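Colleague: Below: one structure in structure tokens.
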Amino acid sequence: MERDTHFVTGVYEDEDVLLQAITQVRSSGIKIHEVYSPYPVHGIDDYLGYKRSRLPIAAFLFGLLGTTLALTMQFYMMKFDWPMIIGGKDYGAFPDFIPVTFELTVLLASFGMVGVFMVSTNLKPWAQPRIFDLRITDDKHVMAIDIANNSAVELAKIEEILKSSGASEVNKKSFE
Amino acid sequence: MAHDVQHYNLDQKFDFTAATKKSIFTVLGIGAALLVLGIVMAMFGGSHDEAAAAEGHAFHWYERVYANLWINNVYFTGIAIIGVFFFAIQYAAQAGWSTAIIRVMLSLGNWLPIAGVLMIVTFFIANHDLFHWTHAYLFDKASPEYDSIIDGKGSFFYWPMAKGTFPIFYIFRMVLFFGFWVFFFKKFQQFTYNEDVIGGTSSWYKIRSWSAFFLIFFAVSSSIAAWDWVMSIDTHWFSTLFGWYVFSSWFVAGLSAMTLIVMFLKGKGLLEMVNENHVHDLGKFIFGFTIFWAYLWFSQFLLIYYANIPEETVYFIERLSSDIYGPYIFVNLAMNFVLPFLLLMTRDSKRHGVFLKLVCALIIAGHWVDFFLMVQPGTLGHNGGVGFMEVGMFLIYGAAFTFVVLSGLAKGNLVPKNHPMLEESYHHHI
């Protein structure tokens, strides 16, 4: 069965060329699916026009959950379920609860953040990653363009723009 | 892209205009008026405490003035030395991001010589009224007021002289600390401004070496200064992390002060190189060290509360069960931890001026409350509180401090134009 071509990929040798290319490709009205690089390229998210991650909000909410859980748990245990006098203090001795509250806040904030990150980026162990080009794990930057998302632009035109933006190769790639 | 830094006018100087001076003097004037008002009220409204008067411990209005002098001496000395400390940290850590604002940090140190003189003069004028351990009878075994605990600690103040005479060791340390702090400050100043003339990297290497020595000296001296100037007020009591606690209080306030000056200069169109990325880093420092302060405050409190040993709990009982100071414990925690923590949590609030300025002002007032709570309960007891006198004295010191720092800043270029890491600071992006 013949497969349709889903993606056009541009292979770039240098990160400065890549960053300029992103600007050029985006300004010509082509939507970029994703850019893959062997190492983090500083500032690339600004060039790609990505919105800021909302992960900190998730972290804050999980932290808040941790605080609430820790305080509820300790007050319930120490004041209602099994009241104990420790160090001559009241049953609900708030300062005593702070260390545990802090730890649970940090624990839930960090675990929650990692969990949300994995879910939102599809980092589950059985996920099938789409490898656009094996060399992105070595020394090449690859810009992937989804043809279906750019139906207004002709395929040949996309390839031409990629070439002119400094891509050393322009390939086609499709997945099952 | 490589030499964009050349587009900036690197010879910019801060012009300390008459208008700015006028607003500083207005604040100073308001402070002075409030202080006088406070003094008048204390003189005529004061001491109706006849029982205390009969015992010969009548409270005098000037004791409250001394306590206020001491709070602000310690507080503004701290802010000044933190400027020098943070400057030295940048060099010791070989940090590049901060190059454009490095002279703002150093400029806080301009207050140090004045702070030193004020501290020593205040000590000699106020000593019995501020420091219980200065009374000779505490060390006299024949006296009914002989205090064996303070006698045991006496050598720390009086060595090598007899206890209860002249606190030579204490004075020696005060002079030594201020002497070295001013010495290092002048050294840094001399090297960094000389760099503008001679260029090259030799000044940078020299400052780095001097920074290392300064940081070692500061690590020890800041802690001992905290014991001497603050903890010795409550002479019987001690806390092993008190040095760090005072340092953290100084550090947050100092960071806030330098951030406010940076924002002020940016508002004047100066420091063009400094953008929201640098401001963001300052904001992160403030946010982080706000939590650090809360951590130390709470560590000190929790251990004392939990262990419940009378000679330790006395410090917090004196404050928490007092009608005057009790509420300020919570004001202190709210202003210095809860509010900055929540307000500075998001990225935007650290990058955009309005929020950050608000939090910096809050913190500078908040840490004054912190020092107020360290000094007043031990010196004034139930005669203390926050009134016109406190606000007035704080405004006077604040205005004088700002005036001295800004006039120091106006003397040279704002940006170290030949600093080897200037380019890195320009490209700083987070």
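In the order they appear, the protein sequences are chains L and H.
So in numbering that gives the first Met the number 0, spot 160 of the first sequence is number 159, and the numbers just go up one at a time.
So in numbering that gives the first Met the number 0, spot 4 of the second sequence is number 3, and the numbers just go up one at a time.
Even for Gly, the Cβ is constructed at its ideal location relative to N, Cα and C.
The structure presented is a predicted model; accordingly, all values stated were derived computationally and were not measured.
Name, please, each residue of chain L whose Cβ falls closer than 8 Å to the Cβ of Phe-284/H.
Modeller: Near Phe-284/H there are no residues of chain L at all, since even the closest Cβ is about 18 Å away, more than 8 Å.
Colleague: Mind listing the chain H neighbours of Gly-87/L? Cutoff is C-beta to C-beta under 8 Å, in chain order.
Modeller: Asn-307
Colleague: List, in order along the chain, the chain H residues whose C-beta lies closer than 9 Å to that of Asp-95/L?
Modeller: Leu-301, Tyr-304 and Tyr-305
Colleague: Once you ignore the five residues that flank Val-313/H on each side, which residues in its own chain have a CB closer than 7 Å to its CB?
Modeller: Trp-236
Colleague: Can you tell me which of the three DSSP states Phe-6/L falls into?
Modeller: strand
Colleague: With 8 Å set as the bound, which would you pick, yes or no: does the beta-carbon of Ser-424/H sit closer than that to a beta-carbon of chain L?
Modeller: no
Colleague: Starting from His-140/L and walking both ways along the beta strand (DSSP E), at which residues does that stretch end?
Modeller: 140-145
Colleague: As an exercise, report each continuous alpha helix (DSSP H) stretch of at least 4 residues that is fully enclosed by the region 10-45 of chain H, in chain order.
Modeller: 17-44
Colleague: Nearest-angstrom Cα distance between Leu-106/L and Asn-170/L?
Modeller: 45 Å
Colleague: Just curious, the beta strand (DSSP E) that Val-34/L is in, first and last residue?
Modeller: Looking at the DSSP string, the run of the beta strand (DSSP E) that includes Val-34/L is 33-35.
Colleague: Report the residue ranges of all alpha helix (DSSP H) runs contained in full by the region 41-119 of chain L; include only those spanning at least 4 residues, in chain order.
Modeller: 43-46, 54-74 and 93-119
Colleague: Give the DSSP-derived three-state secondary structure of Glu-178/L in the structure shown.
Modeller: There is simply no residue 178/L to check, as chain L begins at 0 and stops at 175 in what is shown.
Colleague: Reducing DSSP to helix, strand and coil, say where Asn-412/H ends up.
Modeller: strand
Colleague: Considering only residues of the same chain and omitting the five flanking positions on each side of Phe-300/H, which have a CB-CB separation below 7 Å?
Modeller: Phe-315
Colleague: Return the residues of the region 32-53 of chain L that lie within a Cβ-Cβ distance of less than 8 Å from chain H, sorted by chain order.
Modeller: His-41, Gly-42 and Arg-51
Colleague: Quick one: complete beta strand (DSSP E) runs, 3+ long, within the region 349-376 of chain H?
Modeller: none
Colleague: What's the C-alpha gap between Asp-139/H and His-131/H?
Modeller: 14 Å
Colleague: Chain L partners of Phe-297/H, CB-CB under 7 Å?
Modeller: Ile-97
Colleague: Near Ser-27/L, what residues of its chain come up, given a Cβ to Cβ distance below 6 Å and the 5 sequence neighbours on each side ignored?
Modeller: Ile-160
Colleague: What did DSSP end up calling Tyr-11/L once you bin it into helix, strand or coil?
Modeller: In this structure, Tyr-11/L counts as strand in the three-state DSSP scheme.
Colleague: Identify the contact partners of His-428/H in chain L, using a Cβ-Cβ distance below 8 Å as the criterion.
Modeller: His-41 and Gly-42
Colleague: Please classify Trp-125/L as buried or exposed, where buried requires at least 16 neighbouring CB atoms within 10 angstroms.
Modeller: Exposed is the call here.
Colleague: What is the DSSP secondary structure of Thr-191/H, reduced to helix, strand or coil?
Modeller: helix
Colleague: Taking its Cβ as the centre, do 16 or more other Cβ atoms sit within 10 Å of Glu-1/L, making it buried, or is it exposed?
Modeller: Low local confidence applies: a pLDDT of 48 at Glu-1/L is under 50, so the model's placement there is unreliable, with the coordinate-based value given in what follows. Under this definition Glu-1/L is an exposed residue.
Colleague: Can the beta-carbon of Gly-253/H be found less than 8 Å from the beta-carbon of Leu-361/H?
Modeller: no
Colleague: So, are the CB atoms of Ser-348/H and Leu-355/H less than 8 Å apart?
Modeller: yes
Colleague: Quick check: Leu-264/H and Leu-105/H, are their CB atoms within less than 8 Å of each other?
Modeller: no
Colleague: Judging by CA-CA distance, which residue of His-426/H, His-428/H, Met-388/H and Phe-402/H is the nearest neighbour of Arg-63/H?
Modeller: Met-388/H
Colleague: Run through DSSP, which three-state label would Gly-407/H get?
Modeller: helix
Colleague: Quick one: what's got a C-beta closer than 8 Å to Ile-149/H's C-beta in the same chain, skipping five residues either side?
Modeller: His-131, Trp-132, Leu-137, Phe-138, Thr-234 and His-235
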